[in-house]
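J.: Residue numbers (our numbering), protein chains in the order written: chain A, 8 to 492; chain B, 677 to 1542.
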Amino acid sequence: MAQTPLCSDHRSRRIFLADCGLGFTGLALGAMNARAQEAAWAPPTGNPHRAPKAKRVIWLFMLGGVSHVESFDPKPVLNRFAGKQLSETPHAGILESPLIRENLKAFVPGQHQIKLTLYPMQTGHRKRGANGVEVSDWFPHIGGMMQEIALVRSAWTTDNDHGAILQFHTGRHIFDGYLPTIGSWVHYGLGSLNENLPSFVVLGQPPGDCCGGVGTHGSGYLGPEHNGVYLEANPDAPLPFVSPGPGVYLEEQRREFAFLERLNRLTAVEYPADAALRARIKSYELAFRMQTAVPDALRFKEESAETRGLYGLDHDVTRPFGEVCLAARRLSERGVRFVQIYHGGAGNAWDAHKDLRKNHAELAAKVDQPVAGLLKDLKQRGLLDETIVVWATEFGRTPGAENSNGRDHHPFGFSIWMAGGGIKPGVVHGATDEIGFHAVENRHYVTDIHATVLHLLGLDPKKLDIPGRKRLEIDYGKPIQGIIA
Amino acid sequence: MQAAPRIAAGILAAVVLAPAADLYRDRVQGILARNCLGCHSAGARQGGLDLSTREGLLRGSDHGPVVVPGNPEASQLYKLAAHIAQPAMPLKGRKLADSDISALGDWIRAGAPFEEATIVEGVDLAKAGEHWAFRKPVRPAVTSPGNPVDHFIQQARERRGLARAPEADPRTLLRRLYVDLTGVPPTTAEMAAYLGNRSPRAYEQKVEELLASPRYGERWGRHWLDVWRYSDWYGRRQSKEVRFSQPHVWRWRDWTIESLNANKPYNRMIVEMLAGDEVAPGDPSTVRATGYLVRSWYKFNRNVWLNDTVEYTAASFLGLTLKCARCHTHKYDPIPHSDYYRFRAFFEPHDIRIDRVEGQADTFKDGVARVYDADGAKPTYRFFRGNENTPDTSVALQPAPPSLFGRGALAITPVKLPLAAYFPDSRPFTAAALIVQARDEIANIEREMVKLRDAEKAAATDAAKLKKARIDLAAAEKRLGAAQASIPAIEKRARADAATLMTPPDPNAEQLAEAARAAERKANVLRAEASLMLGQFDFDQAQGDEKKLAAATRRLEAAVAALNEPKEGYTPLGQKYPPSSTGRRLALAQWIASQDNPLTARVAVNHMWMRHFGRPLVSTVFNFGRSGKPASHPELLDWLAVEFMESGWDMKALHRRMVTSQTYRMTSAGQPHPSDPDNVYYTRMNSRRMEAEAVRDSLLAVAGKLDPTMGGPEIDREKGHEVHRRSIYFLHAPEYQMDMLEAFDAASPVECFQRNESIVPQQALALANGRLGLALARTLAAELPASGFIAAAFERVLGRPPSAAEQTASEEFLRDQTTLHRDPAGLEVYKTGQEPAVKPATDPSARARENLVHVLFNHNEFVTVR
């Protein structure tokens, strides 16, 4: 799909909005009014700061915390020390590491103490993919795609409770409040790629109020127009106000919109300098198209049986998340810039404090094939080269046991992976120590993942700064060079 | 050892002539500030050394004196700086220039004269006054007749060779004034009356009328609640877990609206919000104003709570980015790191609570959310780098305003509280409410027992079920007994409470307390016996299930323990709080609300100006510091600020002053002047989009459906399309906003000093497809006369008649739409979505008229204030 060029030449900040096609959806007139006196400051033009390697992002986020040692960072040594106290093993020194202090900003001090009785892996593992990366037996499909994936085994964060969900998206601890999220930065910086869909879309069940809620795809001070737009995977009612409700004729409404435009244009003759009026006329055009474009993107009629099979739509277990992943591809294809997908909401989280085996085996079975299917489908359609796929989770799980058969939250080291545009395929980057406790090699705080995404999209996060909104060095992160092609 | 004095000797001649005090001021003070105070001043005190005061200088460090006046060679400060002794200073830094070292030597030799440091933690406080906003505003002269607002605006225009636009036409002007002062447009009748009023003072009369309308408080209340970041409680509303703010903060929202309507002086409002419990401790209707502070409550972290309290108080009232000094000395403004924590100390003692209100015992259901001083002895420490894990416990900081405003301490007088304030449940309605609650419980148990008896009958043949039913029934009987016994217990506890409060003490106090204990125990025993029965049953049933057994055992043990409660004394009806308040918040509030404060009035005036004129005078509305922007019209800002204060902080007078100006009354039509593209100098008025609340309220108003009921608990946000109350009364919290308001950039309840005015397709969808708009369009269309419909609809919705072109277009639309509806067969229809609240008309032309009104609701001019 052709990219709608956003205006590069803005004579007056107030006017340029209306003159730049539909790109205004990513930009706020009000924000500009408010900041018009900031002489040195200009809003983003919608153009990347340097040549981009990718255009869009699909961001898969597993809620609750996926065990890294039973997914992408298997630790067979845990089986050897199963049931032993950490202090009885050669790894006792881990507890003395200054990394613990650096890593931890407890949500409730004293809760989630380090679990000291080592717990064996609850599933097998073997080398998978053409490049032979150790992946657990719960992820055979994604494992089969390792030659396309850059795996990072050395992520860390600081919250040991589910506020880490918010933290993963804003880069700040939940105590620092609701700040712009990665999707909103991308939306703010690049605007729209299409003329009839929202540009930052959220699918799946978002986290609850406890852990950031809608703030995890919010825009903080960037303004609500940069919030992720939540879509139900239901083509009949994907978002609020998408239809005027039963009984209204399509033609009746179409004519209303046409008449409205006629009236607004009559007013525009009186107020020729009013950029807001022109922007509003455009916004109605887009809204009208959204009414059909959004449901269409969520209807899979024309998808072949083969494609459906790829995402597991033919099986009850994989169908729900398969539909979400297929919707993500269809939205991406239609030019949605950032698709943020949650898995594990509404009491279905990966938060295996007990019965980890049951919990993870069931949830992995639901996501493994759809996620792998998404990668394969993007590749076969030639979309993977310009799409960044991120798979992440809020933190890992403790090498030690909780409740005899579970694992607790573990912010000290865990795994995420990326694939697609600009990503070096088939690499493993970073490592945790032998029992999977600390990220020890090429450590990456969550904002390094943001920085990598922005870098590949051609954005310089510092150039997106807004006057008066001070950010710290760690907020920007650093691109993970080891996984960039 | 020899080198330094030798070099010094050369320079000595030059400086020794200068008086020693000058040497300090000209040289030494700067040397210390640049090289030493970063670590050795009141905030940091590395090694226990504070070089920011003479006292600290002479006290020395943990290792002993650092200066021996008259003898540099014996002074550690000199020796370390000269690298004669170790550890060489500045630690890990570059050695001082020789001339600086010798200046230190000379200064000590001259007796180390010292003036109170104006440089603290790297900040030169003496220079604070160089920034305009930190100096008191002085009323500038007005040299032309008329409204001073126009004088200053005209002056600025003239300087730039700009001309002013003519006055707006009366219709546009009246609609602007209505939306601005009341949040909704005028009715057709109000518009007609105004146009027919030939009085030269018709406009001024209208201003008076609208300022006197209760709608004014609702409109401007919402503005101020943006600045004060109103939020209903949030966290997990479904499971009633409060994590932020508190239930019943809506009473503070109502206080805001009522105070504005009563034209309470702004300085008094500040005092009531920050210290209502200290200034009028016996008056719940004043105390509710402290909901302002309650709003920042946070369940999980006291420091996050206090940070928000400190930072938003400074930003909202003072336009000060105190926030930047949380981790270090402010990078732009003269605010030392410690000043942040001295400001925090005003709030250190305070905590929140909910007081009962008459008729409701359950404080989750109703009550007054308020603050009080819980612990006046709690010390305030500076956190190194803002990290709560590294407090500087060497110095407990005393409450003080930022030192850039002068370093004199505030007079802080503790406030003695009346009984009702420190023991709110001593008020007689508490006992009455508790008794009502007990009676409700009795009724509930009785109903439950009827069901249990039925269950008993039904289980006649099933031994296990029968056993369970009988246990439940027996336990219910005990609980009933307990509830019944609790009524005399409440009465006796109330009597015993009263006895303890009498002066001189009631001679019967002891007997009354004993009676209360006995009555309370009777109820408790019965309740515990019920728990015991159920616990025993569970215990018996749980055999084999380790976990259930453990839980049942715990319950049993608790029940047994409760059998003996209370062991001595009785439980008073409610908590007793400290009988006095520190007075710290009152002192702070009075300092903020003082005419001597250079910022308070300027910041408030700027907020009001922005909301009347569409842009602020100081564009950084929450930052009047050095990194903020200068005022576009500095003299106007100061004139308004002084006028505001001298009028007794009279808000309505200020509104009047602004909206009766020629500047306000100009038309917004026309091109921007090329030299002033952003209309900073008001060559015309700014047109604006209505705020979210005004959009929804105006829809209701033009349809004649706005419910004028004021006040009360927040209304479920899901009901925004059916309940026709004003938007300000609906639930508003970070995760709980009405969809329609959110689409139109409703205030972020976390922080909103200035609304966004975005234009996004979600707004179009909300207006075009929202149930509210559809229903109101249908209602209104049915009400308007079919003949002359187009003119009537334009008049009603947009406040003006249609132009000839609009009339023609509308006629065509009605005709085409009628044709369409006449033959709907074959038309595709929307099937999904919610059922409409009002069904479309069956008559084709009536339905076409509904479509027309619906389009006018979506017209750009409906949401635009010209």
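Just so you know, even glycine gets a beta-carbon here, dropped at the ideal spot from N, CA and C.
#1: Are the C-beta of M85 of chain A and some C-beta of chain B separated by less than 8 Å?
#2: Beta-carbon of V925 of chain B versus every beta-carbon of chain A: anything under 8 Å?
#3: Within the same chain, show all residues whose beta-carbon is closer than 8 Å to that of H119 of chain A, passing over the 5 residues directly before and after it, in chain order.
#4: How would you label A990 of chain B, buried or exposed, when you count the other beta carbons within 10 angstroms and need 16 or more for buried?
#5: Could one say the Cβ of V255 of chain A lies closer than 8 Å to chain B's Cβ atoms, at least one of them?
#6: Would you call the CB atoms of S935 of chain B and M945 of chain B closer than 8 Å?
#7: So which residues of chain B does G1 of chain A contact, with C-beta pairs closer than 9 Å?
#8: If you compare alpha carbons, which of A:A99, A:Y291 and A:V374 is closest to V1436 of chain B?
#9: Below 8 Å on the Cβ atoms is my contact criterion, and I expect A1608 of chain B with L1262 of chain B to pass it. Report the Cβ-Cβ distance as a whole number of Å.
#10: Counting contacts by CB-CB distance shorter than 8 Å, is E1537 of chain B in contact with chain A?
#11: Against chain B, does V221 of chain A count as a neighbour if the rule is that its beta carbon must be under 8 Å from one of theirs?
#12: Distance, Cα to Cα, R1129 of chain B vs E1034 of chain B?
#13: Do you know offhand how far T1336 of chain B's Cα is from Y185 of chain A's?
#14: What span of residues does the beta strand (DSSP E) with Q1251 of chain B cover, start to end?
#15: CA-CA distance, S339 of chain A and G198 of chain A?
#16: At a CB-CB cut-off below 7 Å, which residues of chain B make contact with T274 of chain A?
#17: Strictly below 8 Å CB to CB, what residues from chain B border S290 of chain A?
#18: Which complete alpha helix (DSSP H) runs does the segment 140-171 of chain A hold, if anything under 4 residues is left out?
#19: In the DSSP assignment, find the beta strand (DSSP E) that holds R912 of chain B and state where it starts and stops.
#20: Does the segment 64-73 of chain A come into contact with the segment 149-159 of chain A, if we say contact requires no fewer than three beta-carbon pairs (one atom in each stretch) closer than 8 Å?
#21: Go ahead and pull the three-state DSSP assignment for Q1036 of chain B.
#22: Going along chain B, which residues have a C-beta under 7 Å from Y570 of chain A?
#23: Which residues in chain B sit within 8 Å of R261 of chain A, going by Cβ to Cβ distance?
#24: Just the C-alpha distance for F307 of chain A and E103 of chain A, rounded to the nearest angstrom, thanks.
#25: Listing by chain order, which chain B residues have their CB less than 9 Å from the CB of G475 of chain A?
#26: Where does D1027 of chain B fall in DSSP's three states?
#27: Can you round the beta-carbon distance between L210 of chain A and A335 of chain A to whole angstroms, since I take them to be within the 8 Å contact cut?
#28: Residue range of the beta strand (DSSP E) that V346 of chain A falls in?
#29: I need the straight-line Cα distance from E45 of chain A to F295 of chain A, nearest angstrom please.
#30: Does any C-beta atom of chain B lie closer than 8 Å to the C-beta of I481 of chain A?
#31: Indicate the three-state DSSP secondary structure (helix, strand or coil) for I395 of chain A in the structure shown.
#32: Considering K134 of chain A, what are the terminal residues of the beta strand (DSSP E) in which it resides?
#33: What does the alpha-carbon distance come out to for the pair K375 of chain A and K431 of chain A?
#34: Taking R272 of chain A as the reference, which of B:L1528, B:R1491, B:E1482 and B:A1524 has the closest Cα?
#35: With 16 other CB atoms within 10 Å as the buried threshold, where does H1202 of chain B fall?
#36: Going straight from the alpha carbon of L93 of chain A to that of I1163 of chain B, what length do you get?
T.: The short version:
#1: In the first sequence, counting from the first residue as 1, residue 85 of chain A sits at position 78. The residue asked about is misnamed: residue 85 of chain A is Leu in this sequence, not Met. So, not an interface residue.
#2: Start at 1 with the first residue of the second sequence, and residue 925 of chain B comes out as number 249. Answer no: the Cβ-Cβ gap between V925 of chain B and chain A never drops below 8 Å.
#3: Residue numbering aside, residue 119 of chain A sits at position 112 when the first sequence is read from its first letter. Within the same chain, H119 of chain A has close Cβ partners A113, N167, D168, D415 and H416.
#4: On the second sequence, position 314 is the one that residue 990 of chain B refers to. So A990 of chain B counts as buried.
#5: Translated into positions along the first sequence, residue 255 of chain A becomes position 248. Yes, its Cβ sits closer than 8 Å to a Cβ of chain B.
#6: The residue given as residue 935 of chain B occupies position 259 in the second sequence. The residue given as residue 945 of chain B occupies position 269 in the second sequence. A contact, by the Cβ cut-off of 8 Å.
#7: Chain A is shown only over 8 to 492; residue 1 of chain A falls outside these bounds and no answer can be derived.
#8: Residue mapping note: residue 1436 of chain B aligns to position 760 of the second sequence, counting from 1. Selected option, being the one with the closest Cα: A:Y291.
#9: Coverage of chain B is limited to positions 677 through 1542, which leaves residue 1608 of chain B absent and any answer about it impossible.
#10: Looking up residue 1537 of chain B in the second sequence gives position 861. For E1537 of chain B, the answer is yes, since a Cβ of chain A falls inside 8 Å of its Cβ.
#11: The residue labelled residue 221 of chain A in the question sits at position 214 within the first sequence. So, interface residue.
#12: As a first step, residue 1129 of chain B must be located in the second sequence, where it is residue number 453. As a first step, residue 1034 of chain B must be located in the second sequence, where it is residue number 358. R1129 of chain B and E1034 of chain B have their C-alpha atoms spaced approximately 36 Å apart.
#13: Locating residue 1336 of chain B in the second sequence gives position 660, where the first residue counts as 1. Locating residue 185 of chain A in the first sequence gives position 178, where the first residue counts as 1. Cα to Cα, T1336 of chain B sits roughly 41 Å from Y185 of chain A.
#14: Within the second sequence, residue 1251 of chain B is the residue found at index 575, counting from 1. Run containing Q1251 of chain B: none; DSSP gives neither H nor E here.
#15: Along the first sequence, one-based indexing puts residue 339 of chain A at 332. Along the first sequence, one-based indexing puts residue 198 of chain A at 191. Taking the straight line joining both Cα atoms gives about 14 Å.
#16: By 1-based counting over the first sequence, the position of residue 274 of chain A is 267. Listed by position along chain B, the residues whose Cβ is nearer than 7 Å to that of T274 of chain A are N1536 and E1537.
#17: Along the first sequence, read from residue 1 onward, the residue named residue 290 of chain A stands at position 283. Within 8 Å Cβ-Cβ: I1435, V1436, P1437, Q1439 and A1440.
#18: Contiguous alpha helix (DSSP H) elements confined to the segment 140-171 of chain A occur at 147-150, taking only those with 4 or more residues.
#19: What you label residue 912 of chain B is simply residue 236 of the second sequence in a count that begins at 1. Per DSSP, R912 of chain B belongs to the beta strand (DSSP E) from Y910 to R912.
#20: Here the segment 64-73 of chain A makes no contact with the segment 149-159 of chain A; the two share fewer than three CB pairs at distances below 8 Å.
#21: Translated into positions along the second sequence, residue 1036 of chain B becomes position 360. Strand at Q1036 of chain B.
#22: Only positions 8 to 492 of chain A appear in this structure, which leaves residue 570 of chain A out of reach.
#23: Reading the first sequence from its first residue, position 254 is the one you call residue 261 of chain A. Within chain B, no residue comes near R261 of chain A; the closest Cβ sits about 10 Å away, beyond 8 Å.
#24: Within the first sequence, the letter at position 300 stands for residue 307 of chain A. Within the first sequence, the letter at position 96 stands for residue 103 of chain A. Approximately 54 Å, taken between the alpha carbons.
#25: Your numbering for residue 475 of chain A matches position 468 in the first sequence. Chain B residues near G475 of chain A: T997, T1296, F1298, N1299, S1303 and G1304.
#26: Numbered from its first residue, the second sequence carries residue 1027 of chain B at position 351. Here DSSP, grouped into helix, strand and coil, assigns D1027 of chain B to strand.
#27: For this step, residue 210 of chain A is matched to residue 203 along the first sequence. For this step, residue 335 of chain A is matched to residue 328 along the first sequence. Cβ-Cβ separation between L210 of chain A and A335 of chain A: approximately 6 Å, consistent with a contact (criterion under 8 Å).
#28: On the first sequence, position 339 is the one that residue 346 of chain A refers to. The continuous beta strand (DSSP E) containing V346 of chain A extends over residues F345 to H350.
#29: As a working mapping, residue 45 of chain A is identified with position 38 in the first sequence. As a working mapping, residue 295 of chain A is identified with position 288 in the first sequence. The predicted model places E45 of chain A with a pLDDT of 47, which falls under 50 and marks its position as unreliable; any figure quoted below should be read in that light. Going from the Cα of E45 of chain A to the Cα of F295 of chain A covers about 35 Å.
#30: Locating residue 481 of chain A in the first sequence gives position 474, counting from the first residue. Answer no: the Cβ-Cβ gap between I481 of chain A and chain B never drops below 8 Å.
#31: As a first step, residue 395 of chain A must be located in the first sequence, where it is residue number 388. Shown here, I395 of chain A sits in a strand according to DSSP, grouped into three states.
#32: By 1-based counting over the first sequence, the position of residue 134 of chain A is 127. K134 of chain A -> beta strand (DSSP E) spans H132 to R135.
#33: Along the first sequence, one-based indexing puts residue 375 of chain A at 368. Along the first sequence, one-based indexing puts residue 431 of chain A at 424. Here the sequence assigns Asp to residue 375 of chain A, which means Lys is not the residue at that position. Whole-angstrom Cα-Cα distance: 22 Å.
#34: Walking along the first sequence from the start, residue 272 of chain A turns up at place 265. The candidate whose alpha carbon is nearest that of R272 of chain A is B:E1482.
#35: Sequence index remark: in the second sequence, residue 1202 of chain B carries index 526 (1-based). Here residue 1202 of chain B is Leu; the residue named in the question, His, does not match the sequence. Flag for L1202 of chain B reads buried.
#36: Here residue 93 of chain A corresponds to residue number 86 of the first sequence, with the count starting at 1. Here residue 1163 of chain B corresponds to residue number 487 of the second sequence, with the count starting at 1. Answer to the nearest angstrom: the Cα atoms are 57 Å apart.
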